[in-house]
Amino acid sequence: MRKMNIDGSSKTPRINFDGEAGVLELYGRSIPENSVEFFEPLNEWLVEYSHDAKEETVIDMKLEYFNTSSSKCILDFFKKLESMNGAVTNVKVNWYYETDDEDMAEAGEDYEAIVDLPFKLIEVEEI
Amino acid sequence: MALTDIYKFFRTLEDEHIILSFKGDFSSELLNAFLHLMEAKMNELNIGTQQRKRVLNVLIESLQNLYHHIESNNEVEIVKMKETALVLIKYYNEIFTIQTGNYIDKSSLPDLKDKLNEVNSLNTEELRGLYKMKLENNSRSEKGTAGLGLIDIARKSKNKLDYHFIDVDNESSFFCLKVIVE
Chain A
1 MRKMNIDGSS KTPRINFDGE AGVLELYGRS IPENSVEFFE PLNEWLVEYS HDAKEETVID
61 MKLEYFNTSS SKCILDFFKK LESMNGAVTN VKVNWYYETD DEDMAEAGED YEAIVDLPFK
121 LIEVEEI
Chain B
1 MALTDIYKFF RTLEDEHIIL SFKGDFSSEL LNAFLHLMEA KMNELNIGTQ QRKRVLNVLI
61 ESLQNLYHHI ESNNEVEIVK MKETALVLIK YYNEIFTIQT GNYIDKSSLP DLKDKLNEVN
121 SLNTEELRGL YKMKLENNSR SEKGTAGLGL IDIARKSKNK LDYHFIDVDN ESSFFCLKVI
181 VE
């Protein structure tokens, strides 16, 4: 399984997807005008990964902040993971938020309520 | 504008505690540059994590909405609208006030008014519920927006959104929005 690494930019998060380890990390800010276009390769990669998925897949969401356009794409991404969960792999989502950032903690709680995936909210000093 | 009016203009910005302002075309690149400037300003002012992120979020949502709107109109309007978008950021007594002004198509006015009235009628928890509901159920446009922008702005503001429409001509109104971030 190949790895996917996309560098972060001032508008998009860094993405590290390690198919061998079954770990995917999104890091930074996600504020592109066109989020659908940005998230497309991520979803494609997920489909490819699902053919040869690890027993456990860990998703590390380390977002500083994101726009509403991204929030919908993040949900779609979680929905894809939801459909894989229990069938081809066991998914775990780690949702990081910075101390004092109650907005990001709430966002994690809201995704947890919408999608049927095990979420762990993790407070860190700085993302 | 007479040359001496520059001082008046300067004084107005100074007296109103405007720390950053821009009038012009909010292209994607410009929004980027503008956010960078704002981040630098907030670093200088030692703004805490939550307030800093809320200010950036409100700016992103209000200016990207503008961007989407500009794109959806015909070329003549694009020129007019791009030239006339204005944003003013005030910082006073540890409170940010983000004011934007831009032309909008009269046809989109009723819908915008409804959305503004709706978010202003809801409390924090209700706004969170509405956001969650729309996130889950709304289909989105090609660009990924799902009508969440104003809800997000209201959530980040924790205050009622102050707005006003000024009649310009048969086709357009000028939309003024004031958002407080404490």
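Which chain is which? The protein sequence lines are A and B, in order. Position 12 (the first sequence) corresponds to 12 in my numbering; numbering is contiguous. Position 158 (the second sequence) corresponds to 158 in my numbering; numbering is contiguous. Positions of the beta carbon are idealized from the N, C-alpha and C atoms, including for glycine. Quick caveat: nothing in here was measured; it's all calculated off a predicted structure.
Check	Outcome
Short CB-CB distance (under 7 Å) between Ser-10 (chain A) and chain B	yes
Glu-171 (chain B), DSSP secondary structure in three states	coil
The region 70-90 of chain A: positions lying closer than 7 Å to chain B by Cβ	Ser-71, Lys-72, Cys-73, Leu-75
Closer than 7 Å to chain A by CB, Thr-100 (chain B)	no
8 Å contact criterion, which Tyr-96 (chain A) and Lys-62 (chain A) should meet: CB distance rounded	4 Å
Within 7 Å, strictly: CB atoms of Ile-32 (chain A) and Lys-11 (chain A)	This sequence places Pro at residue 32 (chain A); Ile is not what is there. Cβ distance < 7 Å, so Pro-32 (chain A) and Lys-11 (chain A) count as in contact.
Member of B:Glu-126, B:Lys-90, B:Glu-118 whose CA lies at the smallest distance from the CA of Leu-150 (chain B)	B:Glu-118
Under 8 Å from the C-beta of Glu-98 (chain A): neighbouring residues of chain B	Thr-49
Paired residues, beta bridge with Val-93 (chain A) - DSSP	A:Ile-59, A:Phe-119
Cβ-based contacts, 8 Å cut-off: residues of the region 46-73 of chain A near chain B	Glu-64, Tyr-65, Asn-67, Thr-68, Ser-69, Ser-70, Ser-71, Lys-72, Cys-73
Alpha carbon of Phe-96 (chain B) to alpha carbon of Val-55 (chain B), nearest angstrom	7 Å
Glu-39 (chain B) Cβ short of 6 Å to the ligand SAM heavy atom set	With respect to the ligand SAM, the structure offers nothing, as it holds no ligand at all.
Per-residue burial, Tyr-92 (chain B) [other beta carbons within 10 Å of its own, 16 or more giving buried]	exposed
Backbone CA spacing between Asn-5 (chain A) and Glu-125 (chain B) [nearest angstrom]	38 Å
Own chain, CB closer than 6 Å to Leu-183 (chain B), minus 5 neighbours either side, in chain order	Within the shown structure, residues of chain B are numbered from 1 to 182, placing residue 183 (chain B) beyond reach of any answer.
Own chain partners of Ile-114 (chain A) with C-beta closer than 8 Å, once the 5 adjacent residues on each side are dropped	Leu-75, Phe-78
Contact with chain B by Asp-110 (chain A), beta-carbon distance below 7 Å	yes
Segments of 4+ residues assigned as alpha helix (DSSP H) that fall wholly inside the region 59-84 of chain A	68-84
Candidates A:Glu-109, A:Pro-118, A:Asp-101, of which the one nearest Val-124 (chain A) by Cα	A:Asp-101
Chain B contact residues for Asp-101 (chain A), given Cβ-Cβ distances below 8 Å	Thr-49, Gln-50, Lys-53
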